[in-house]
Structures are given as structure tokens and as C-alpha cells.
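Using numbering that gives the first Met the number 0, you'd call the opening residue of the sequence shown number 0 and step up by one each time.
The beta-carbon is built from N, C-alpha and C at its ideal position, and this holds for glycine as well.
Below: the structure, in C-alpha cells.
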Amino acid sequence: MREIDLGREFDTFDKSRRHGRNLPVRGFTQSKRNASAVVAGIGKYGLDAVLALVGLVVLAPMILMLMAILLVLQGRPIFIAHRRIGKNGVMFHCLKFRTMVTNADEILTRYLAANPHHRAQWNATRKLKDDPRITPFGALLRKSSIDEIPQLLNVIQGTMSLVGPRPIVASEAELYGVHFADYIKVRPGLTGLWQVSGRSDTSYGERVQLDVRYVKERSIVGDLAILIKTVPAVLRSRGSY
């Protein structure tokens, strides 16, 4: 029978215990990261909701005035709810003031068929500089980004954030390629890096890279900086059409 040296055994156990303190526990570390992500998400939504609610209250008189003008100039509907891709790939209805004619899809199809050059522009950017679907008053709203004010309701609802990638339609997912996985990690934003970096004056590839950069580097401080930069970007109307 082997003789046991208790002193040596306890020394070995104590060394192992001390050494073990420096070893990462993967499950615990991952749990901490997940918990931190949840807390950060709750904090971001809380800030978003409060600021969006304040924005709606402050802008309420202008919103009511715009609703009356749109009703007189364009008739119903005043708002549109377009299906967009949200966080985790879940579809949601993105709200906007209506800025296009009611038969917009039909007009676009005919226009692109008759104008190959503009069809190439549409396929590359999903934007048209001289979009035949947009009404005169709608063009003014889009130029000033006022048409997107109803998305404050999306922010309160939790389907959008104040800052993030702009919400995309299903047909745009393929333009993101492998980076679509980055896009769906966060809620789409009312504004974002793309808005403060030239908007439609940038290529779609540059837009994707800006979205990827935002997802990887996002923070509350960064969001506040983008919100501040959005004001002069909107006033300059650069790349807005």
C-alpha cells in the first residue's frame, strides 16, 4: 500500500487552486459578455425611447401641420408603412410621411424599362436622383429628411434605434453579401454613419462598410456624437434625395 504524504498532497492542491484562479472559465466569461450585452441593449433602448418621446412632443405642432398640408396636397394616405429588415432579420413596418405617388411601383417599372442608364443607377444604389415617383412636396420633405420623423414611433416601439444602419428592404440584403450578418446584429437607425458621411453621394459598397464599422465600434458615446453630427448634415442636405 502506497504511503501518502499529506503535506505534499496539500501543497500540490494549493498550487493547483492558485494556478486555477488565472485560468479563464469559458462558460462564465461568455455569460458575463452576454449579460453585459443585454444591459447595454436595455440602456440603449431606454435612451432611445426617452429621446424619441421628447422629440415627438417637441415636434407635435409641426407634425400636425404637415399632416394637414399633405392631406390637402396629396390626399390619403398621409403615412406609409414600408416593410424593412430589422434586428435578427425580423421584418417590421418602417413609418414615413408619404412622399410618392400612390402608383409608385408601376411608375418605377415603366421608368426603368425606358431608361437603361437610370436602371443601372437603381441596381447599384437603389436610389434615383430624379425619381419620377416623388411628388413636388414630397421632394421637399425628403430633401430635409422631415419625411422620416414618424420613425420616432418605430424607435419607441423598439423596432428601430435613433442611431444604426438605415433600414433596408429585402432586395437590398444581397447587396450586403457576407456583411448582412453584421447588419442584422443591431436595430436599424433613424440616423447613422451613412447619414453623416454623404448619404446618397456615397456608393452602396461604402454604405455597407460604414454600417459594418458602426456595428463593430458602436457605443453610447459614439451614438451621441452621430446624433450631434446629424443636425448639420440634415441642414446641408448633402446627398439627400
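- With fewer than three CB-CB distances shorter than 8 Å, the segment 221 to 240 does not count as touching the segment 148 to 157.
- Of the other Cβ atoms in all chains shown, fewer than 16 fall within 10 Å of the Cβ of residue 67; this residue is therefore exposed.
- As computed with DSSP, residue 99 is found in a beta bridge with 133.
- Below 8 Å, too few C-beta pairs join the segment 55 to 75 and the segment 108 to 123 to call them touching: fewer than three.
- The beta carbons of residue 219 and residue 46 sit about 7 Å from each other, so the pair counts as a contact at 8 Å.
- Secondary structure of residue 189 (DSSP, three-state): strand.
- Separation of the CB atoms of residue 79 and residue 95 is rounded to 5 Å, and the pair is thereby assigned contact status at 8 Å.
- For residue 195, no alpha helix (DSSP H) encloses it, and the DSSP letter there is neither H nor E.
- In this structure the segment 202 to 213 lies against the segment 171 to 188, because at least three pairs of beta carbons, one per stretch, are closer than 8 Å.
- The Cβ neighbour count for residue 158, taken over all protein chains shown within 10 Å, is at least 16; the residue is labelled buried.
- Residue pairing by DSSP places residue 162 opposite 190 in a beta bridge.
- Where residue 80 is concerned, the enclosing beta strand (DSSP E) starts and stops at 78 to 84.
- The beta carbon of residue 186 sits closer than 6 Å to the beta carbons of 86, 159, 160 and 163 from its chain, once the five residues preceding and following it are set aside; these are given in chain order.
- Taking the Cα of residue 199 as reference, the smallest distance to any Cα among 183, 217, 142 and 108 is reached at 142.
- CA-to-CA, the gap between residue 59 and residue 52 works out to about 10 Å.
- Taking a C-beta distance under 8 Å as the contact criterion, residue 131 and residue 167 do not qualify as a contact pair.
- Per DSSP, the beta-bridge partners of residue 91 are 83.
- When the beta-carbon positions are compared, residue 99 and residue 137 come within less than 8 Å of each other.
- The beta-bridge partner set that DSSP reports for residue 148 is empty.
- The Cβ neighbour count for residue 89, taken over all protein chains shown within 10 Å, is under 16; the residue is labelled exposed.
- The C-alpha of residue 108 lies about 15 Å from the C-alpha of residue 129.
- Taking every protein chain shown into account, the CB of residue 205 has fewer than 16 other CB atoms within 10 angstroms, so this residue is exposed.
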